[in-house]
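Asks: Chains as they are written, first to last, in my numbering: chain V, 589 to 988; chain H, 589 to 988; chain D, 10 to 384; chain S, 10 to 384. The structure is given below, and queries will be raised subsequently.
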Amino acid sequence: MELRLDPDLETFRKEVRAFIDRVLPADMKERQLRKVANNAAVPDLLEWMRILNAHGRSVPHWPEEHGGCGWTPMQLFIFNEELYKADAPEFDWGGTHMLGPVLYTYGSDYLKDKFLPMIREGVTMWAQGFSEPGSGSDLASLRTSAELVGDKYVVNGQKIWTSGAAHADWGFFLVRTDKNVKPQRGISFLIIKMDTPGITVRQIPQINGEAHLCEVFLDNVEVPADQLIGEPGMGWTYAKFLLEHERTTSSFIYWSKRELARAKDIALGESVGGRRVADDPAFRARFAKVEADLLALEWSVLRVLAHEEFDAPEAAAASVLKIRGSELQQEITMLQVDAMGAKSLRFFDVAPVPPPAPTDAWPDYAPGRTTVALINRAATIYGGSKQIQKNILAKLAFGL
Amino acid sequence: MELRLDPDLETFRKEVRAFIDRVLPADMKERQLRKVANNAAVPDLLEWMRILNAHGRSVPHWPEEHGGCGWTPMQLFIFNEELYKADAPEFDWGGTHMLGPVLYTYGSDYLKDKFLPMIREGVTMWAQGFSEPGSGSDLASLRTSAELVGDKYVVNGQKIWTSGAAHADWGFFLVRTDKNVKPQRGISFLIIKMDTPGITVRQIPQINGEAHLCEVFLDNVEVPADQLIGEPGMGWTYAKFLLEHERTTSSFIYWSKRELARAKDIALGESVGGRRVADDPAFRARFAKVEADLLALEWSVLRVLAHEEFDAPEAAAASVLKIRGSELQQEITMLQVDAMGAKSLRFFDVAPVPPPAPTDAWPDYAPGRTTVALINRAATIYGGSKQIQKNILAKLAFGL
Amino acid sequence: MDFAKSDIQAMLLDSAERLLSENADVEYWRHQRSSALGFDEARWAQFAELGWLALPVPEAAGGLDGTIEDIALLNIALGKALATEPYVSTVVLADHVLKQAVDEARALELLGEIAGGTLRIALAHQENGAHPLDVEAAATLARPSAGGYLLSGSKIMALDAPSAGRLIVSARIEGEEGIGLFLIPADAPGLSAESYPLIDGTRASDIVFADVTLPADALLVGGNRGAAVLREAVDRASIALMAQAVGAMEAANKVCGAYVQERKQFGTAIGSFQAIQHIMADNFVAAHQARSMLYHALANADADEATRSAALSAARLVIGEAGQTVSRNGIQVHGGYGLTDEYAIGHYFRRLMCIEKQYGDLIQHGERFGDSIFG
Amino acid sequence: MDFAKSDIQAMLLDSAERLLSENADVEYWRHQRSSALGFDEARWAQFAELGWLALPVPEAAGGLDGTIEDIALLNIALGKALATEPYVSTVVLADHVLKQAVDEARALELLGEIAGGTLRIALAHQENGAHPLDVEAAATLARPSAGGYLLSGSKIMALDAPSAGRLIVSARIEGEEGIGLFLIPADAPGLSAESYPLIDGTRASDIVFADVTLPADALLVGGNRGAAVLREAVDRASIALMAQAVGAMEAANKVCGAYVQERKQFGTAIGSFQAIQHIMADNFVAAHQARSMLYHALANADADEATRSAALSAARLVIGEAGQTVSRNGIQVHGGYGLTDEYAIGHYFRRLMCIEKQYGDLIQHGERFGDSIFG
């Protein structure tokens, strides 16, 4: 064990930083910095994928044969961290980090040839159709059915919490292709074009003014059978692979580090009665604890990336990252909100881009903090709620 | 609804304060103030009962016919508060507040005549024999048996966590007199003299150096049958009555108010690097929250004393008092400990009374704070653990 | 000390139950939020009819001379129903200032208008960067001029200002100590306002005064008493808001208790899971302690200023944190549905967040209470 | 960066497993606690035989020249076993000061004695009321006198002093800036000590120096470097203690995990209740984050002082709070048995409480880390 950072990585970080500085358009950076809601910049997102792709860096984590960069996990960590630090647009995580790995691992050549370039080149936005109204934490109980009729699957059912479905070109869905086996065994992984007849998308109004999460109704939707990934009935396995492949993603470490830096800016920018919020001892003590906790989370991520051996199955570490990652997202956004005091209560509409021009009282950081903090209560819910994660941990770590 | 304190009660408070000031011996007060462990002053306790009894105030909460004062609940509240404020010795709660009300409500004339005076006059110390090694939170599963043989019960079994059993003259026990009915139905309430042949007491060494909690082994202990209170098989009912009768006791409100005042003294007395601990903003913020929470608990007690109607069964309020009362005991003692920093780590033996003479570095408040804080982890365990209380609350308040 | 409801209190709660309960739902709230003022003026008129707007008004002005307990009980009901009407601004805050006004006769007249539902008044005192509990820290300045004043300066986030006919504005008076409280028509020349919604659907304004001409009698309370009166008024508003928070928490707990019994996962109601049961227990404890602490604030509402403000800040700490517990846990047990605008819990969440931060947030009240303990 | 164990690390852990595991139980701990020094001198000799006492000693003095990671890994094992030996005082703290001593030859000799197990040294630097992280704030004074010094003043709670042959004492030197570090025999004339146990069974002393005569070479490190060297040494001690805390937490979790599977209530193992499962999950998360944060402190252990001390204080925050979580929850799941001296969890609890408060507590480290963030 020797824990100092490899000096080579510092060189790599400088290179990455210079690269981003060179290719990230200033106006895009500005829009990203000032967006009111987390998901408010779809066009930029694809455009940014195209820019990265032009430099061969849009899917650096993929195998080199599919356009990846052949980087080590630590290099990928640094690349992601620097992207967030620079206020680059998000990846389209659904395509690049969820569907992509499933596709290149289990997909047919036809599917790989068709879709991997579309993802890599920033051509398509992807929707993820897993959850259903009756199956939240109990995902395996999903009921949306796909019946093979000739060379087509006929899909019927309903999905919910499908992020960005209203703007997505394609979606990947978990569907039930066999009702006569154990619930987990009858699930398949299907790619569906979102403008296929029979699909209706309803945007769900959210507590923060967004309507990014959607319900997707599927009514006799006909899908070419060759859009089923891998084997029928293996969808649950692929979904689990997807989650395990992206063990550290749920930590939101890059995002949280960026947002903590923003919380710091706010605490330095806001004053109450002539004292900077940063100089309020109670606020400072709270901030220090959150920053310390975030450092602990970061090292937990590094341990997972290095596959460090420890006294429990590796999946236990994934649940730790999810629990702490989601809690810290909430704590950090609430730090931002609390640093603004009552001013955080102003509602900013997500629709107009850009938000109102900054003033003395309403600096550029004001719009959006509460918008994000409100919806961030979801962090401990989606992808396996905090309660579910604790169930898992008790079982994995202690056999309970 | 009109919430200001009745001015008459302020007069009553002054009278009580003057009374205590008059009758509480200075050396007793000093010993109480400086005792290292919470239960370190048995002789004072009985002596104090005798003093109070001489003024007709040793059992003010009892019916007047048995020596009570006929006070309102608010007057009793004030009396208790002032006792703690004045560092008077504790009551022997087992006798005065647990057994007493069961006795005068359900006991035979024989039992009342025999035992109520003994309690009232400070003649006897009482042990409570409820818990057993295998039945902590699941009290109804207790197995200590009492078999009626002639005019005696023959008791066999084992009790645990019997506070002060090593110094008690008498004990009241829950025993199983009938194994063939529902567990709760077969339990009886039995008074046993602690020096009866067949009783062995083992003092359990505690993490704070005390050995106040005991195991009591009962091996063919013969107990006169007329020492069974009320009806055989009704013990569970009487135990529940006892708990409901003393709903506000578990709040420890008087004790916690006194100890919070002591925490304040410590924070004012200790300095770090030339700054009083009280002036450390993080400590002060934490202290303020605890004091606010304690005020909320106090008003919750007042609401129960007044039988205020609210949106759930009254027993729900009792669980609230137990949960918050126990949590606050722990928070307050940890405030004391944390105010002393590393100095709180010194171990003070409970045996020698009085503790070492105060010095600059080790003022009179130093011995005992950690001793009490350590054992205070029990507050969320005994009398129905915090987890059990939450089960109860979910059921009572929400029907879950 | 008496916890039982008096006759007038029972009547108030009864009328509240009848008027508010039918419209305490998501559909109503969403509709109001998208309306011009954020609330229904017809219902405001009903508030007047039921005597609610006359509650703290002196009998001399046709009012009910209600106690702070009466106000709190009604506000618990308003909080349960997530009423967005500017009750606290007009009936609690403005009434209290008017009752201290120099010109008693004129004040009674205005109080009568409030009681009748024809006048709403909002307070504009907060300035950007000022400490919310230091009401004296106003940069807004009233310069004596031609028998009256010229007012200049700016205020931020004046709650309920967009629906108010008049504003009470705090300002330093040139050449005097302290701050004065001025009554100003909301449409006074030279006054400009930028209005916006808050996250709970209520409205606020940022207001700029560019040499607004005021007559002499615009000064309700002079510099010698202005700050003390304003502190009292704001503390009373805090109490009313805390009562709303208590009502909102208790209602939220009801909603959540019902939801966890309905919602099924893994083939059973999620309320059968001990983890969910304990979350609900935590919520019950929090709401219960919140109500207890409201009582503490009420019991000290008319005490000397040091006692009153300490009790109030202590109550804000407990109630603010309880609001977080109840609403955040409430969303958690709702799962994704808790994040939609279509379930009640998200509405309670936003309202509780607003109350927590209005008239001083947890940091500021924590500091004030801490200072009151250690001096 | 490499998380895998090196050969020497694997050997250390292997020897630790063999030596410590047989005596990592309540009976052993209680026996040691009631012994004269609080630990077993025979086992200290075994520490020497296994090379543990030579770990950070330079090769020149027959040592192993181990890294801070090596020290941390061994201390994790010591923490798991709740070893009460004065390892940190002697081998981490004193060694580090000696390695910076002016008289290198003499220092090597002393380090050799430490490595051989014949010399134990304790640090006496804390004074009553001084800030634990401000090591320069010493009132103890060394007055130059007859080619040496006269030392007067008093120290509080010198950890492990009762079993030490010599003490390293910090003191101002009359006429000089900074503080000097002096090596003093524990039985020097004029030195008096009051010794007592701490709640974890280790020992400490309050020490008074009444004009203790010191030769010139008692000064190990002069005033120009004394504070910096002491800060480094104390930070390294902090790291070793944090490693012990991590070991103690992981061991405590094992103990609790086994207990909740054994202990039955309501006819079933309490580990089958979701509330208990979630408490155990919280404990796992806490211990896991604690270890991560130990790594963060290790990675920055040799960085510049500002970076090092910020990382260290951040780690103390996370590990200190994790220790509270693990040990308090651990007692809770044990029920009454957790409060007895007869179950392991209560021993872990007391040890973790001690570590949390030694060389700066959570308030002090929180403040230092906060200051490092905002300047």
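Each residue gets a CB set at the ideal place from its N, CA and C atoms; glycine is no exception.
Quick check on DSSP: helix, strand or coil for Thr334 of chain S?
Replies: Helix at Thr334 of chain S.
Asks: Can you confirm whether the region 129-145 of chain S touches the region 905-921 of chain H when touching is taken to mean that 3 or more C-beta pairs between the two stretches lie within less than 8 Å?
Replies: The answer is no - the region 129-145 of chain S does not touch the region 905-921 of chain H, with fewer than three Cβ pairs under 8 Å.
Asks: Within 10 angstroms of its Cβ, does His287 of chain D collect 16 or more other Cβ (buried), or is it exposed?
Replies: It counts as buried.
Asks: For the region 856-880 of chain H, list every residue whose C-beta sits within 7 Å of some C-beta in chain V, in sequence order.
Replies: Flagged, chain order: Pro869, Ala870 and Ala873.
Asks: For Leu633 of chain H and Ile639 of chain H, I'd like the C-alpha separation in whole angstroms.
Replies: Answer to the nearest angstrom: the Cα atoms are 10 Å apart.
Asks: Take Gly280 of chain D and list the residues in its own chain whose beta-carbon comes closer than 6 Å to its own, dropping the five residues that flank it on each side.
Replies: Excluding sequence neighbours, Gly280 of chain D sits near Val269 and Gln270.
Asks: For Ile969 of chain H, does the three-state DSSP call read helix, strand or coil?
Replies: Reduced to three states, the DSSP call for Ile969 of chain H is coil.
Asks: Is the region 33-49 of chain D touching the region 218-225 of chain D, taking contact as three or more C-beta pairs under 8 Å?
Replies: No, because fewer than three Cβ pairs between the region 33-49 of chain D and the region 218-225 of chain D fall closer than 8 Å, the two stretches do not touch.
Asks: Could you name the residues of the same chain whose beta carbon sits closer than 6 Å to that of Leu168 of chain S, not counting the 5 residues immediately before and after it, in chain order?
Replies: Cβ neighbours of Leu168 of chain S beyond the five flanking positions: Ser98 and Ala213.
Asks: What does the alpha-carbon distance come out to for the pair Arg872 of chain H and Glu365 of chain D?
Replies: Answer to the nearest angstrom: the Cα atoms are 21 Å apart.
Asks: Taking DSSP as the reference, what is the three-state secondary structure of Leu59 of chain S?
Replies: Looking at Leu59 of chain S - three-state DSSP - the assignment turns out to be coil, as it is neither helix nor strand.
Asks: Reducing DSSP to helix, strand and coil, say where Gly138 of chain D ends up.
Replies: Here Gly138 of chain D sits in coil by DSSP.
Asks: Could you say which of H:Val889, H:Ala927, H:Phe829 and H:Leu830 lies nearest to Ile854 of chain H if we only look at CA atoms?
Replies: When only C-alpha atoms are compared, the closest one is H:Ala927.
Asks: Please report the straight-line C-alpha distance between Ile969 of chain V and Lys978 of chain V, rounded to a whole angstrom.
Replies: C-alpha separation (whole angstroms): 12 Å.
Asks: Counting along the chain, where does the alpha helix (DSSP H) carrying Val243 of chain S start and finish?
Replies: First-last of the alpha helix (DSSP H) with Val243 of chain S: Gly235 to Glu271.
Asks: Cβ of Glu78 of chain D less than 8 Å from any chain H Cβ?
Replies: At least one chain H Cβ lies under 8 Å of Glu78 of chain D.
Asks: Near Pro95 of chain S, what residues of its chain come up, given a Cβ to Cβ distance below 8 Å and the 5 sequence neighbours on each side ignored?
Replies: So the qualifying residues of the chain are Phe48, Arg129, Ala131, Leu168, Asp169, Ser172, Ala173 and Thr211.
Asks: Listing by chain order, which chain S residues have their CB less than 8 Å from the CB of Phe275 of chain D?
Replies: Near Phe275 of chain D there are no residues of chain S at all, since even the closest Cβ is about 12 Å away, more than 8 Å.
Asks: Please compile the residues from chain S whose C-beta is within a distance smaller than 8 Å of the C-beta of Ala284 of chain D.
Replies: Gln283, Ala284 and His287, listed in chain order.
Asks: Would you report the Cα separation of Ala290 of chain S and Asn338 of chain S, rounded to the nearest angstrom?
Replies: So the two alpha carbons sit approximately 11 Å from each other.
Asks: Glu26 of chain D by DSSP, collapsed to three states: which one?
Replies: Here Glu26 of chain D sits in helix by DSSP.
Asks: State the Cα-Cα distance for the pair Asn309 of chain D and Pro153 of chain D, rounded to the nearest angstrom.
Replies: Straight-line Cα distance between these residues: approximately 38 Å.
Asks: Using beta-carbon positions only, say whether Val342 of chain D and Asn262 of chain D come within less than 8 Å of one another.
Replies: Contact: no.
Asks: Would you report the Cα separation of Phe986 of chain V and Gly738 of chain V, rounded to the nearest angstrom?
Replies: Approximately 49 Å, taken between the alpha carbons.
Asks: Within 8 Å (strictly less), CB to CB, does Phe358 of chain S reach chain H?
Replies: Closer than 8 Å to some Cβ of chain H, the Cβ of Phe358 of chain S qualifies, so yes.
Asks: Say whether chain D places a C-beta atom closer than 8 Å to the C-beta of Leu593 of chain H.
Replies: So, interface residue.
Asks: Which of the three DSSP states is assigned to Ala903 of chain H in this structure?
Replies: Correct three-state label for Ala903 of chain H: helix.
Asks: Determine the closest residue to Glu598 of chain V out of V:Glu858, V:Gly656 and V:Phe667, with distance taken between C-alpha atoms.
Replies: Per the Cα distances, V:Phe667.
Asks: Spatial neighbours of Ser729 of chain H within its chain, please: CB distance less than 7 Å, with the 5 preceding and 5 following residues excluded, ordered by chain position.
Replies: Result list for Ser729 of chain H: Gly722, Ser723 and Pro771, in chain order.
Asks: Below 8 Å on C-beta distance, what does Glu259 of chain S contact in chain V?
Replies: By Cβ distance, chain V contributes Asp899.
Asks: In chain order, which alpha helix (DSSP H) runs of at least 4 residues are fully inside the region 777-845 of chain V?
Replies: List check, alpha helix (DSSP H) in window: 823-833.
Asks: With a threshold of 16 other CB atoms inside 10 Å of the CB of Tyr698 of chain V, please say whether the residue is buried or exposed.
Replies: With fewer than 16 Cβ atoms within 10 Å of its Cβ, Tyr698 of chain V is classed as exposed.
Asks: What I want to know is whether the C-beta of Glu314 of chain D ends up closer than 7 Å to one or more non-hydrogen atoms of the ligand PLP.
Replies: Looking for the ligand PLP in the displayed structure turns up nothing, as the structure carries no ligands at all.
Asks: Among S:Glu186, S:Ser301, S:Glu78 and S:Leu119, which one has its Cα closest to the Cα of Arg234 of chain S?
Replies: Ranking S:Glu186, S:Ser301, S:Glu78 and S:Leu119 by Cα distance to Arg234 of chain S puts S:Glu186 first.
Asks: Looking only at its own chain, which residues have a Cβ that is under 7 Å from the Cβ of Leu83 of chain D, when we skip the five neighbours before and after it?
Replies: Once the five neighbours on either side are set aside, the close Cβ partners of Leu83 of chain D are Leu21, Ala25, Trp61 and Leu64.
Asks: Taking all protein chains shown into account, do 16 or more other C-beta atoms lie within 10 angstroms of the C-beta of Asp615 of chain H, making it buried, or fewer, making it exposed?
Replies: That one is exposed.
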